[in-house]
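Start counting at 1 in the sequence shown, then tack on 82, and there's your number in our numbering. The C-beta atom is built at its ideal place from N, Cα and C for all residues, glycine as well. Working notes, beginning with the structure itself.
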Amino acid sequence: MWQLGAMSVSPEVRAAAELVIGNLNDDGYLVASDEELMAASRGESIELETSGSEIAPPAPTVNGTGSAAPAALDTEDDDPFVEEAAEILVGSYVGAKPMATAASSALKPSVAPNSASVNRVERAKPVEAPFTIEDLREGIDLIRQMDPVGVAARDLRECLLLQLRDLEHQVNNRVLNGDSEVQNQHLAQIQTTTAIVETQLRNVQNRQYKDIARAIQRPLESVMDALNFIKTLDPKPGQRYNQVEPRLIEPDVAFVKQGDEYFVLMNEDDVPVLRLNPGYKKLLNRDAAEKDVRNYVKERYKSAIQLMKNIEQRKQTILKTCYAIIGRQREFLDLGIDQLKPMMIKEVAEEIGVHPSTVSRAVANKYVHTPQGVYELRYFFSESVNGPEGGGTSLMILKRRVKKLIEEEDARRPLTDEQITRILQSQGINVTRRTVAKYREDMKIPSTHQRRVKD
Numbered sequence: 083m084w085q086l087g088a089m090s091v092s093p094e095v096r097a098a099a100e101l102v103i104g105n106l107n108d109d110g111y112l113v114a115s116d117e118e119l120m121a122a123s124r125g126e127s128i129e130l131e132t133s134g135s136e137i138a139p140p141a142p143t144v145n146g147t148g149s150a151a152p153a154a155l156d157t158e159d160d161d162p163f164v165e166e167a168a169e170i171l172v173g174s175y176v177g178a179k180p181m182a183t184a185a186s187s188a189l190k191p192s193v194a195p196n197s198a199s200v201n202r203v204e205r206a207k208p209v210e211a212p213f214t215i216e217d218l219r220e221g222i223d224l225i226r227q228m229d230p231v232g233v234a235a236r237d238l239r240e241c242l243l244l245q246l247r248d249l250e251h252q253v254n255n256r257v258l259n260g261d262s263e264v265q266n267q268h269l270a271q272i273q274t275t276t277a278i279v280e281t282q283l284r285n286v287q288n289r290q291y292k293d294i295a296r297a298i299q300r301p302l303e304s305v306m307d308a309l310n311f312i313k314t315l316d317p318k319p320g321q322r323y324n325q326v327e328p329r330l331i332e333p334d335v336a337f338v339k340q341g342d343e344y345f346v347l348m349n350e351d352d353v354p355v356l357r358l359n360p361g362y363k364k365l366l367n368r369d370a371a372e373k374d375v376r377n378y379v380k381e382r383y384k385s386a387i388q389l390m391k392n393i394e395q396r397k398q399t400i401l402k403t404c405y406a407i408i409g410r411q412r413e414f415l416d417l418g419i420d421q422l423k424p425m426m427i428k429e430v431a432e433e434i435g436v437h438p439s440t441v442s443r444a445v446a447n448k449y450v451h452t453p454q455g456v457y458e459l460r461y462f463f464s465e466s467v468n469g470p471e472g473g474g475t476s477l478m479i480l481k482r483r484v485k486k487l488i489e490e491e492d493a494r495r496p497l498t499d500e501q502i503t504r505i506l507q508s509q510g511i512n513v514t515r516r517t518v519a520k521y522r523e524d525m526k527i528p529s530t531h532q533r534r535v536k537d
């Protein structure tokens, strides 16, 4: 907002730009259409066409405190492959997801509490917009000139193009100042990259690099350089100003080896110690105390004792669960993650004599320090894929092996799901092709055809 304040623009364009800034999501994307923004500027609410408990999102915000409702992408590549291609190139961006939050009472839907069905919302009386659609578009262009470059784009493709055009402008300015040969090489790389982003994201997703080279009439080497260059761009420019401090994990328990045995140590440094005030117990023994007072203190005293017992019981459940994990995962603790065995909560619950839900609650959000690193206690609980010996293999290990086989395959002749299945079966894992395909898709690994790189 301070960048806008330093610019000399008309009041109408400034108002439009402020509306745009207020409707950027955390990644820096503008997910509201021009029509939605104009409606918000007039104070119009939206009609809801929902039933049940789902309520449609309200209109874009006006005062800059929230994000806008989703809008159709205003590009030719309005297709899921754009986002999938982005994962290959620049990481895990999965589309701009709005946080639809009304900014004022004028925009908040009039929904009765506990209403199970809503057909429409009473429309607020429209007022004249404080700016025109041309002012709005000028405001959007103004925001796109600000730092960070790429902000106010409506999709990933547009975000990357904004950054490429800014780089091209910088290179052109430097060319005028000399050293043109090197700068021309940079300019050619930017132009090749721009051509790919504009029209070839589908082929990027399918790794059809030769098809890209033919389509944009560039050498294959230039195409590969351009794909690497795309990785240097920022798919989420808004995150520079929305960084979250990393959460430091302090383990609740530790598996410590002494000699040939493992022991469980509880981390109780930050756990407050509960004590009963002896004054209340004395009050119970006084005959002079009123009956109502004594009954009240007695009830509270019993509740406090029960709370302390429950805390101790939860502690014992955690300890018993941890020792059960040690008994079943000794090879993992000694040798590493490849030795992780399948283990169900139900099995551990039967072993320690409690209900499975008790074990589930006890290990929730608990972390353990092991010789192999820090893990969430839930990490040790996974289903199994039965092997020929009946011992079984953890699904987590199955996923790791599938991923490793694919990482080590020949990109020109990638493994099919059937081939991966046969390899795993030869290693003693009784698994079907359908199971392999399911977990490959869970890990967002493309199919054989999509992984193949043509000669």
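How big is the Cα-Cα spacing for residue i and residue j?
{"i": "Thr275", "j": "Gln290", "result": "15 Å"}
{"i": "Val535", "j": "Gln340", "result": "52 Å"}
{"i": "Ala519", "j": "Thr503", "result": "9 Å"}
{"i": "Glu523", "j": "Arg533", "result": "13 Å"}
{"i": "Arg494", "j": "Asn288", "result": "13 Å"}
{"i": "Tyr378", "j": "Val353", "result": "28 Å"}
{"i": "Leu366", "j": "Glu327", "result": "50 Å"}
{"i": "Pro195", "j": "Ala121", "result": "Bear in mind that the predicted position of Pro195 carries a pLDDT of just 39, short of 50, making it unreliable; the figure below should be weighed with that in mind. Going by the C-alpha atoms only, they are around 26 Å apart."}
{"i": "Gln57", "j": "Ala336", "result": "What the structure shows of the chain is the stretch from 83 to 537, and residue 57 is not part of that stretch, so it cannot be assessed."}
{"i": "Gln398", "j": "Leu497", "result": "48 Å"}
{"i": "Ser123", "j": "Met89", "result": "22 Å"}
{"i": "Val346", "j": "Pro333", "result": "12 Å"}
{"i": "Lys439", "j": "Leu417", "result": "A quick correction: the sequence has Ser, not Lys, at residue 439. Taking the straight line joining both Cα atoms gives about 30 Å."}
{"i": "Ala446", "j": "Lys486", "result": "30 Å"}
{"i": "Glu220", "j": "Gly232", "result": "16 Å"}
{"i": "Glu94", "j": "Leu86", "result": "13 Å"}
{"i": "Glu216", "j": "Leu269", "result": "32 Å"}
{"i": "Ile298", "j": "Ser529", "result": "26 Å"}
{"i": "Asn285", "j": "Ile294", "result": "6 Å"}
{"i": "Gln265", "j": "Arg322", "result": "28 Å"}
{"i": "Val513", "j": "Val338", "result": "35 Å"}
{"i": "Thr517", "j": "Gln421", "result": "21 Å"}
{"i": "Arg247", "j": "Ser508", "result": "53 Å"}
{"i": "Ser385", "j": "Lys364", "result": "17 Å"}
{"i": "Met390", "j": "Leu506", "result": "50 Å"}
{"i": "Glu491", "j": "Ile527", "result": "13 Å"}
Taking residue i as the reference, give the member of the options with the closest Cα.
{"i": "Ala99", "options": "Gln227, Gln421, Asp108", "result": "Gln227"}
{"i": "Lys538", "options": "Glu240, Gln85, Ile511", "result": "Since the displayed the chain opens at 83 and closes at 537, residue 538 lies outside it and no answer follows."}
{"i": "Val456", "options": "Tyr362, Ala234, Phe414", "result": "Phe414"}
{"i": "Glu240", "options": "Pro212, Asn266, Ala444, Leu283", "result": "Leu283"}
{"i": "Ser442", "options": "Leu459, Glu433, Val450, Thr452", "result": "Leu459"}
{"i": "Gly125", "options": "Val91, Arg96, Glu210", "result": "Glu210"}
{"i": "Leu242", "options": "Val95, Tyr449, Lys313, Glu500", "result": "Lys313"}
{"i": "Met525", "options": "Thr452, His531, Ile488", "result": "Ile488"}
{"i": "Glu432", "options": "Asn266, Asp492, Ala406", "result": "Ala406"}
{"i": "Pro212", "options": "His251, Ala97, His451, Ile331", "result": "Ala97"}
{"i": "Leu224", "options": "Val91, Gln509, Glu263, Gln271", "result": "Val91"}
{"i": "Ser271", "options": "Gln245, His251, Ser304", "result": "Here the sequence assigns Gln to residue 271, which means Ser is not the residue at that position. With distances taken between Cα atoms, Gln271 lies closest to Ser304."}
{"i": "Ile434", "options": "Ala234, Arg256, Gly409, Asp374", "result": "Gly409"}
{"i": "Asn324", "options": "Pro230, His437, Met478, Lys481", "result": "Pro230"}
{"i": "Arg396", "options": "Arg256, Ala444, His451", "result": "Ala444"}
{"i": "Met348", "options": "Glu394, Arg376, Val375", "result": "Glu394"}
{"i": "Gln273", "options": "Asn255, Glu118, Leu249", "result": "Leu249"}
With 16 other CB atoms within 10 Å as the buried threshold, where does residue i fall?
{"i": "Glu372", "result": "exposed"}
{"i": "Thr214", "result": "exposed"}
{"i": "Tyr362", "result": "exposed"}
{"i": "Ser476", "result": "buried"}
{"i": "Asp499", "result": "buried"}
{"i": "Leu302", "result": "exposed"}
{"i": "Asp237", "result": "buried"}
{"i": "Arg483", "result": "buried"}
{"i": "Tyr175", "result": "Only weak support exists for where Tyr175 lies, its pLDDT of 41 falling under 50; the coordinates are left without a value."}
{"i": "Thr143", "result": "Its pLDDT being 46, under 50, Thr143 is placed unreliably in this model, and the value from its coordinates should be taken loosely. With 16 or more Cβ atoms within 10 Å of its Cβ, Thr143 is classed as buried."}
{"i": "Ala151", "result": "Because Ala151 sits at a pLDDT of 36, beneath the cut-off of 50, its placement in the model cannot be relied upon, and the point is left open."}
{"i": "Ile222", "result": "buried"}
{"i": "Ile387", "result": "exposed"}
{"i": "Gln411", "result": "buried"}
{"i": "Leu330", "result": "exposed"}
{"i": "Glu263", "result": "exposed"}
May I ask whether a heavy atom of the ligand NAP can be found less than 7 Å away from the beta carbon of residue i?
{"i": "Pro360", "result": "By its list of ligands, the structure shown contains no ligand whatsoever, and the ligand NAP lies outside what it can speak to."}
query = So does the stretch 278-286 actually touch the stretch 305-316, counting three or more Cβ pairs closer than 8 Å?
reply = yes
ask   = Using 8 Å as the Cβ pair cut-off and three pairs as the minimum, do the stretch 453-468 and the stretch 414-432 touch?
value = yes
message = I'd like to know if the stretch 398-410 and the stretch 350-360 are in contact, where contact means that at least 3 CB-CB pairs between them fall below 8 Å.
response = Because the criterion of three Cβ pairs below 8 Å is not met, the stretch 398-410 and the stretch 350-360 do not touch.
inquiry  = Within 8 Å, do at least three Cβ pairs link the stretch 317-326 to the stretch 102-110?
reply    = yes
task = Give, in chain order, every unbroken run of the alpha helix (DSSP H) that is at least 4 residues long and sits entirely within the stretch 408-447.
result = 412-417, 427-434, 438-445
query = In chain order, which alpha helix (DSSP H) runs of at least 4 residues are fully inside the stretch 85-114?
reply = 93-104
inquiry  = Extract the residue ranges of the beta strand (DSSP E) inside the stretch 324-384, only unbroken runs of 3 or more that lie entirely within it.
reply    = 335-340, 343-348
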